[in-house]
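Counting with our numbering, you get residues 9 to 496 for the letters of the sequence shown.
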Amino acid sequence: MATTVFTNTTRTIPAEVGQGVGGMTDLSGRDNHAAQATAAARPIYQTAPDRVTLDRVDDRMTVTVPAGGFTGTMVLATDQGTASYGVNIPDGPYDIGGRDGLYFPGNAIVGQLIRDGALSEGEAAATEAYFVENGATASYGAVTNFSSFWEDWLELTSFPLIDTSAGTNFSNTWFGCTGLTSFPLIDTSSGTNFYQTWRDCNSLTSFPLIDTSLVTNFYNAWQNCNSLTSFPLIDTSSGTNFYNAWRDCTSLTSFPLIDTSSGTSFRDAWQNCSSLTSFPLIDTSAGTNFDRTWRNCNSLSTIPAGLFDNVKGGNFTDAFTNTALTQTSIDNILVSLVTSGIAAGTRVFNQSGGSAPSATGAAAIDTLRSRGWTVTVTGGGATIAPTITSAPQITGDPVAGETVTITNATASGTPTPTITPTLALGGTDVTGDMAGGAYQIPPGTTVGTTLTLTSVASNGVSPDAQDSVSVTIIASYSYSYRTEQINP
Numbered sequence: 009m010a011t012t013v014f015t016n017t018t019r020t021i022p023a024e025v026g027q028g029v030g031g032m033t034d035l036s037g038r039d040n041h042a043a044q045a046t047a048a049a050r051p052i053y054q055t056a057p058d059r060v061t062l063d064r065v066d067d068r069m070t071v072t073v074p075a076g077g078f079t080g081t082m083v084l085a086t087d088q089g090t091a092s093y094g095v096n097i098p099d100g101p102y103d104i105g106g107r108d109g110l111y112f113p114g115n116a117i118v119g120q121l122i123r124d125g126a127l128s129e130g131e132a133a134a135t136e137a138y139f140v141e142n143g144a145t146a147s148y149g150a151v152t153n154f155s156s157f158w159e160d161w162l163e164l165t166s167f168p169l170i171d172t173s174a175g176t177n178f179s180n181t182w183f184g185c186t187g188l189t190s191f192p193l194i195d196t197s198s199g200t201n202f203y204q205t206w207r208d209c210n211s212l213t214s215f216p217l218i219d220t221s222l223v224t225n226f227y228n229a230w231q232n233c234n235s236l237t238s239f240p241l242i243d244t245s246s247g248t249n250f251y252n253a254w255r256d257c258t259s260l261t262s263f264p265l266i267d268t269s270s271g272t273s274f275r276d277a278w279q280n281c282s283s284l285t286s287f288p289l290i291d292t293s294a295g296t297n298f299d300r301t302w303r304n305c306n307s308l309s310t311i312p313a314g315l316f317d318n319v320k321g322g323n324f325t326d327a328f329t330n331t332a333l334t335q336t337s338i339d340n341i342l343v344s345l346v347t348s349g350i351a352a353g354t355r356v357f358n359q360s361g362g363s364a365p366s367a368t369g370a371a372a373i374d375t376l377r378s379r380g381w382t383v384t385v386t387g388g389g390a391t392i393a394p395t396i397t398s399a400p401q402i403t404g405d406p407v408a409g410e411t412v413t414i415t416n417a418t419a420s421g422t423p424t425p426t427i428t429p430t431l432a433l434g435g436t437d438v439t440g441d442m443a444g445g446a447y448q449i450p451p452g453t454t455v456g457t458t459l460t461l462t463s464v465a466s467n468g469v470s471p472d473a474q475d476s477v478s479v480t481i482i483a484s485y486s487y488s489y490r491t492e493q494i495n496p
């Protein structure tokens with residue numbers, strides 16, 4: 009490497025050990041040389057093996073990619089591992105040493121090949137072997153901290169199946185890799201931290217069933233992976249922090265019954281998952297924070313009963329705002345919160361969009377408010393006892409054998425009352441004899457018998473409202489006719 013690295017950008021002064029590198033020669037013969045004009049941002053040349061070391065702050069070399077860019081394979085050999093990647097690099101300046109010198113899978117470059125056109129599997133393997141023979145580390149198998157290794161590498165179109173078996177920290181590892189459409193089944197069995205690991209990988213259309221059994225932190229892990237339509241049943245049994253984990257995954261149409269029994273924070277976890285229509289009965293028993301959890305899931309209509317029966321905390325601020333919950337679902341939620349028994353702490357619940365609660369949900373709201381909760385739901389959540397707004401009526405001639413019209417009362421109240429009519433003839437219930445709002449008084453009914461219509465309005469809020477009307481059976485009308493002979 010000593011004959012290919014220089015202290016100046018014009019590559020006339022060979023670098024000595026410990027000196028900053030201002031220029032590197034392109035060995036392909038195509039004159040795509042690398043340079044760094046800023047002295048403070050120059051990698052340092054070292055030997056045994058020959059390499060340039062990076063400070064992971066701003067050190068990098070810059071190559072000017074020719075018109076048309078490079079679409080093909082990149083083989084990158086570092087002090088921590090060597091691998092081949094599919095890339096699509098646009099023309100213009102390109103950083104050798106990671107994006108802005110910050111994000112790089114190692115602390116030193118041993119060699120790098122960028123090929124406009126894909127290498128065969130054999131060619132890629134041979135190139136990797138060449139770099140390893142010259143001092144690069146073959147495998148990433150010893151790496152425990154993969155934090156930000158490939159962050160913002162927009163050029164990646166495919167990622168290799170590298171050895172990540174020792175990795176514990178995967179924070180930001182592939183954050184912003186917007187060109188990846190799929191991901192390999194890497195070994196993450198030792199991983200504990202998935203903070204922002206695949207955030208903004210918005211071209212991923214599928215995701216593998218990786219081992220996440222030891223991961224505690226899923227904060228932002230798949231945020232804005234908005235091309236994912238489904239998600240695998242990964243092991244999240246150790247997870248405590250699910251803050252923003254699947255936020256903005258707008259194409260997810262369903263979600264699996266993952267194990268969230270250790271989860272404490274679900275804040276924003278599925279916010280803006282606008283294609284979800286239903287949600288499974290996950291374990292929320294350790295949960296304390298559900299602030300904005302399903303906010304703007306504007307297709308979400310179905311929530312199962314019992315979802316919050318054993319929840320520990322009452323922060324549901326904006327948890328279900330701008331959703332499409334059915335009446336049954338909002339009732340399920342409110343009743344479940346009552347079951348949880350929470351009477352201390354934040355105690356805020358918000359819902360908007362979708363249906364207002366029924367009498368069952370309204371009663372649950374009253375209970376929650378009596379425990380100090382602030383509750384806002386579609387329809388306001390106010391409960392108003394029924395009031396009769398128009399009286400019941402019996403119209404027509406109340407004569408034995410004749411048919412009268414029965415008109416039930418109307419009533420107002422919140423929730424909307426149910427109005428039940430009862431018809432009695434002489435104290436005997438004849439409600440079942442009504443047909444389509446009409447009732448035929450039986451022939452032979454005794455004159456003076458009372459026909460009474462009673463309407464009762466109820467909505468689960470006491471007291472019920474009631475009104476009635478009565479008519480008395482009268483004698484049938486009699487008519488007399490006289491026939492006369494009219495002579496012409």
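Where is the CB? At the ideal position from N, CA and C, for every residue including glycine.
DSSP three-state assignment for residue i, whether helix, strand or coil
i, result
"Ser179", "coil"
"Gln335", "helix"
"Ala253", "coil"
"Val469", "coil"
"Asp437", "strand"
"Tyr203", "coil"
"Ser245", "coil"
"Val346", "helix"
"Asn340", "helix"
"Ala47", "helix"
"Asn96", "strand"
"Phe191", "coil"
"Tyr53", "strand"
"Tyr102", "strand"
"Tyr489", "In this predicted model, Tyr489 has a pLDDT of only 46, less than 50, meaning its place in the structure is not dependable; the value taken from the coordinates is given anyway. Coil, per DSSP."
"Arg123", "strand"
"Tyr456", "One detail in the question is off: residue 456 reads as Gly in this sequence, not Tyr. Coil, per DSSP."
"Pro496", "Because Pro496 sits at a pLDDT of 47, beneath the cut-off of 50, its placement in the model cannot be relied upon, and the following sentence gives the value as read from the coordinates. Coil."
"Gly31", "strand"
"Asn358", "strand"
"Pro21", "Looking at the sequence shown, residue 21 is not Pro but Ile. Of the three classes helix, strand and coil, the one that applies to Ile21 here is coil, per DSSP."
"Phe274", "coil"
Element boundaries [alpha helix (DSSP H), containing residue i]
i, result
"Ile373", "367-378"
"Val140", "129-141"
Which listed residue (the options) has its alpha carbon closest to that of residue i
i, options, result
"Asp34", "Thr165, Met69, Ser173", "Met69"
"Leu110", "Arg64, Thr135, Leu84", "Arg64"
"Asn304", "Ser147, Ala277, Gly175", "Ala277"
"Gly456", "Ala465, Thr237, Val438, Ser478", "Ser478"
"Pro365", "Ser337, Thr354, Ile350", "Ser337"
"Val346", "Cys209, Asp317, Asn323, Asn40", "Asp317"
"Ser128", "Arg255, His41, Thr403, Ser92", "Ser92"
"Asn40", "Ile449, Ile122, Ala432, Pro312", "Ile122"
Rounded Cβ spacing between residue i and residue j (contact assumed at less than 8 Å)
i, j, result
"Ala371", "Gly445", "Not confirmed; about 32 Å, so no contact."
"Asn115", "Asn153", "With 8 Å as the limit, Asn115 and Asn153 do not qualify as a contact, their Cβ atoms being about 11 Å apart."
"Gly149", "Asp171", "4 Å"
"Phe14", "Gly31", "4 Å"
"Ser307", "Ser283", "6 Å"
"Arg355", "Gly322", "4 Å"
"Val140", "Thr86", "Not confirmed; about 11 Å, so no contact."
"Ser270", "Ser246", "6 Å"
Host beta strand (DSSP E) of residue i (start-end)
i, result
"Asp171", "No beta strand (DSSP E) contains Asp171, which DSSP labels as neither H nor E."
"Pro394", "392-398"
"Phe112", "Phe112 -> no beta strand (DSSP E), and no H or E assigned at all."
"Gln448", "446-448"
"Phe328", "323-328"
"Leu84", "78-86"
"Ala416", "A small fix is needed here, since residue 416 is Asn in this sequence, not Ala. Segment: none, Asn416 is in no beta strand (DSSP E) and carries neither H nor E."
"Asn304", "No beta strand (DSSP E) holds Asn304; DSSP gives it neither H nor E."
"Leu164", "164-166"
"Thr61", "59-61"
"Ile402", "401-403"
"Thr261", "Segment: none, Thr261 is in no beta strand (DSSP E) and carries neither H nor E."
"Met508", "The structure shown has nothing for residue 508, since the chain only spans 9 to 496."
"Thr384", "382-384"
"Val73", "69-73"
Exposure of residue i, with buried meaning 16 or more beta-carbon neighbours within 10 Å
i, result
"Arg38", "exposed"
"Glu136", "buried"
"Leu265", "exposed"
"Thr325", "buried"
"Asp441", "exposed"
"Asp108", "exposed"
"Asp405", "exposed"
"Pro74", "exposed"
"Glu159", "buried"
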